[in-house]
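Take a look at the structure below.
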Amino acid sequence: MPRFRETVRTLLRERLLDAAYEAVADRGFDKLRMAHLAGAVGVSRQTLYSEFPSKEAVGEALFQRELERCLVGIQAGLDAHRDDLSAAVEAAVGFTLTLAGRNPLIRAMLTSTGEDGLLPYLTTRSAAAFATATAMADAYVAEAWPTVDPVARELAVDAAVRLTASHIVQATASPEESARRVADTVARVALSTGRERLPPGPVE
Numbered sequence: 020m021p022r023f024r025e026t027v028r029t030l031l032r033e034r035l036l037d038a039a040y041e042a043v044a045d046r047g048f049d050k051l052r053m054a055h056l057a058g059a060v061g062v063s064r065q066t067l068y069s070e071f072p073s074k075e076a077v078g079e080a081l082f083q084r085e086l087e088r089c090l091v092g093i094q095a096g097l098d099a100h101r102d103d104l105s106a107a108v109e110a111a112v113g114f115t116l117t118l119a120g121r122n123p124l125i126r127a128m129l130t131s132t133g134e135d136g137l138l139p140y141l142t143t144r145s146a147a148a149f150a151t152a153t154a155m156a157d158a159y160v161a162e163a164w165p166t167v168d169p170v171a172r173e174l175a176v177d178a179a180v181r182l183t184a185s186h187i188v189q190a191t192a193s194p195e196e197s198a199r200r201v202a203d204t205v206a207r208v209a210l211s212t213g214r215e216r217l218p219p220g221p222v223e
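With the working numbering as the guide, the letters of the sequence shown map in order to residues 20 to 223.
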């Protein structure tokens, strides 16, 4: 019975987040109302608040879910280039920037204003997102390219995550060009403690 209740709660949470995603994509986060969200799913406001105590909690959960989905795609890009660190980073960053450009939730984040919008989850309140992305990337690089110096790896992963986030918030070039620039920077950082320790793959 406890497992059944947990399954029901998980399904309810996903239904609420799906409805919130559609509402935010259609009208923006600032126009999202908890009462409307409860009505869209057919639950009471008490039930909604037991799952998400505030509108901000809904926004955080939405962003975290999109981040987790993005990380799956990032890993696929890395897996396709395990023999070339620079190409792997370029594929992963390119996927992320392209997805961000097409994702209605990310567009809503970038066009929102004020601390009550979603943009802070990419800027001032981005610590949790950075921690998740950095931990995933660091674990992957440590497993896929164990010869990369640990200090250089940590610096390179941090640079990759922060530069990618910066390009999402302020796109100054195409996803392909931005990905190439980030990959070049990350590869050079990885080289910082010894050229002989870098995995295969040319650095221009």
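Glycine residues also receive a C-beta, built at the ideal position from the N, C-alpha and C atoms.
Here the structure is a predicted model, which means the values were calculated and not measured.
Problem - Simplified DSSP state of leucine 217, which is helix, strand or coil - result: Position 198 of the sequence shown, counting from 1, holds the residue named residue 217. Only weak support exists for where leucine 217 lies, its pLDDT of 44 falling under 50; the value from the coordinates is given anyway. Coil, per DSSP.
Practice task
Over the uninterrupted alpha helix (DSSP H) stretch that includes serine 185, give me the two end residues.
Solution key: Indexing the sequence shown from 1 puts residue 185 at position 166. From DSSP, the alpha helix (DSSP H) with serine 185 extends over 169-188.
Practice task
Use the C-beta contact count for threonine 183: other C-beta atoms within 10 angstroms, 16 or more gives buried, fewer gives exposed.
Solution key: Counting from 1 along the sequence shown, the entry for residue 183 is found at position 164. Under this definition threonine 183 is a buried residue.
Handout entry: N-terminal and C-terminal residue of the alpha helix (DSSP H) that alanine 110 is part of
Key = Translated into positions along the sequence shown, residue 110 becomes position 91. Its alpha helix (DSSP H) spans residues 104-121.
Handout entry: Classification of arginine 172 by the beta-carbon crowding that lies within 10 angstroms, buried from 16 upward
Key = By 1-based counting over the sequence shown, the position of residue 172 is 153. Per the 10 Å Cβ criterion, buried.
Problem - Euclidean distance between Cα positions of arginine 28 and valine 43 - result: One-based indexing of the sequence shown puts residue 28 at position 9. One-based indexing of the sequence shown puts residue 43 at position 24. One C-alpha to the other measures close to 22 Å.
Exercise for the section: Output the distance between the C-alpha atoms of alanine 163 and glutamate 33, rounded to the nearest integer angstrom. Expected result: Along the sequence shown, read from residue 1 onward, the residue named residue 163 stands at position 144. Along the sequence shown, read from residue 1 onward, the residue named residue 33 stands at position 14. Roughly 33 Å between the two C-alpha positions.
Handout entry: Three CB pairs or more closer than 8 Å across the region 186-204 and the region 106-118
Key = yes
Problem - Element boundaries [alpha helix (DSSP H), containing serine 69] - result: Start at 1 with the first residue of the sequence shown, and residue 69 comes out as number 50. Per DSSP, serine 69 belongs to the alpha helix (DSSP H) from 64-70.
Problem - Cβ-Cβ distance between arginine 46 and glutamate 109 below 7 Å - result: Indexing the sequence shown from 1 puts residue 46 at position 27. Indexing the sequence shown from 1 puts residue 109 at position 90. Not closer than 7 Å, so no.
Practice task
Answer yes or no: do leucine 30 and arginine 84 have a C-beta to C-beta separation smaller than 7 Å?
Solution key: Here residue 30 refers to the residue found at position 11 when the sequence shown is read from its first residue. Here residue 84 refers to the residue found at position 65 when the sequence shown is read from its first residue. Not a contact, by the Cβ cut-off of 7 Å.
Handout entry: Inter-residue Cα distance where the pair is alanine 161 and proline 169
Key = Your numbering for residue 161 matches position 142 in the sequence shown. Your numbering for residue 169 matches position 150 in the sequence shown. So the two alpha carbons sit approximately 8 Å from each other.
Practice task
Within the same chain, show all residues whose beta-carbon is closer than 7 Å to that of histidine 100, passing over the 5 residues directly before and after it, in chain order.
Solution key: As a position in the sequence shown, residue 100 is number 81, starting the count at 1. For histidine 100, where only same-chain residues beyond five positions count, the Cβ hits under 7 Å are Ala106, Ala107 and Ala110.
Exercise for the section: Check whether the Cβ atoms of alanine 127 and phenylalanine 71 lie closer than 7 Å to each other. Expected result: Your numbering for residue 127 matches position 108 in the sequence shown. Your numbering for residue 71 matches position 52 in the sequence shown. Contact: no.
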